[in-house]
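Numbering (the UniProt record's numbering), first residue to last: 1 to 264. Don't be surprised by glycine CBs; every beta carbon is placed ideally from N, CA and C. The structure presented is a predicted model; accordingly, all values stated were derived computationally and were not measured. This report refers to the structure that appears directly beneath it.
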């Protein structure tokens, strides 16, 4: 597994999705279990990085989520629990045990997120205009633009590729200036972006393509190649909910979607 990331917390979304996918398809008969264990080790390596960070006295700023993963022991407790769950799964790999383990893991994850939101004072768990490097403001503004200023034609078909910046500056320039935000030409969320530039019909088509691909994967035989392609697709989609679509990644995503839909 190889991954290219920028200075963004959204990389953890892809890692989380890949982590879940590896867990769901891990059993004693394939290499997914080894991949799952490897990912746990990679997360534990972050703890070592945190120790080195403290020893060297490096004063560079670290993103809130990165700091949380490096220094909060809750992450490693969860990894330990999931590791034990995997061992149990490998020993008793009947389907009913797998369902029980997966259900319990999802419940534990939801419970963990609730307690993190309730008791951990981290910006990532408090949504406002400055959330996610101002993504809160960007998403709110884009949805307001779509809801309040789009004609019927624009609602159905969008305003066209890379055409939202003039509309943002026309209707929301004062909000940008007084809020000390920067102007933008992308929603930093592919679903919202496609909704604005391609309209309701466009985003429904996009969701339909992904949904049909997921259904096809569920009905096809699971091989290392098909699982890898499917994991790449859902990891990209998860991270795209917080990033911009660009020429170096989006075409590759649609190629991967096409490969997921082949019969070979």
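Distances from the CA of residue 244 to each of 189, 234 and 164 were compared; the closest alpha carbon is that of 189. The criterion of a C-beta distance shorter than 8 Å is satisfied by residue 14 and residue 235.
A check of alpha carbon separations from residue 129 across 182, 246 and 155 identifies 182 as the nearest. About 17 Å separates the Cβ atoms of residue 200 and residue 139, ruling out a contact at the 8 Å cut-off.
Beta-carbon to beta-carbon, residue 260 and residue 213 are separated by about 5 Å, close enough to satisfy the 8 Å threshold.
A residue is called buried when at least 16 other Cβ atoms come within 10 angstroms of its Cβ; residue 258 does not meet this threshold and is exposed. DSSP places residue 140 in the helix class (H, G or I) of the three-state scheme. In the displayed model, residue 151 falls within coil according to three-state DSSP, outside both helix and strand. Annotated as proximal: residue 197 and residue 159, with beta-carbon spacing under 8 Å.
Here the alpha carbon of residue 134 sits roughly 40 Å from the alpha carbon of residue 219. Note on residue 141: 16 or more other CB atoms within 10 angstroms of its CB, so buried under the neighbour-count rule.
About 16 Å separates the beta carbons of residue 155 and residue 171, which is beyond the 8 Å limit, so they are not a contact pair. Approximately 4 Å separates the beta-carbon atoms of residue 185 and residue 165; this is inside 8 Å, confirming the contact. Going by DSSP, residue 208 is part of the alpha helix (DSSP H) stretching over 190 to 219.
Of the residues assessed, residue 18 falls on the buried side of the cut-off, its CB having 16 or more other CB atoms within 10 angstroms.
Residue 250 sits in a helix when the DSSP states are folded into three classes. Each residue's CA atom was taken as its position, placing residue 168 and residue 251 some 26 Å apart.
For residue 166, the enclosing alpha helix (DSSP H) begins and ends at 164 to 178.
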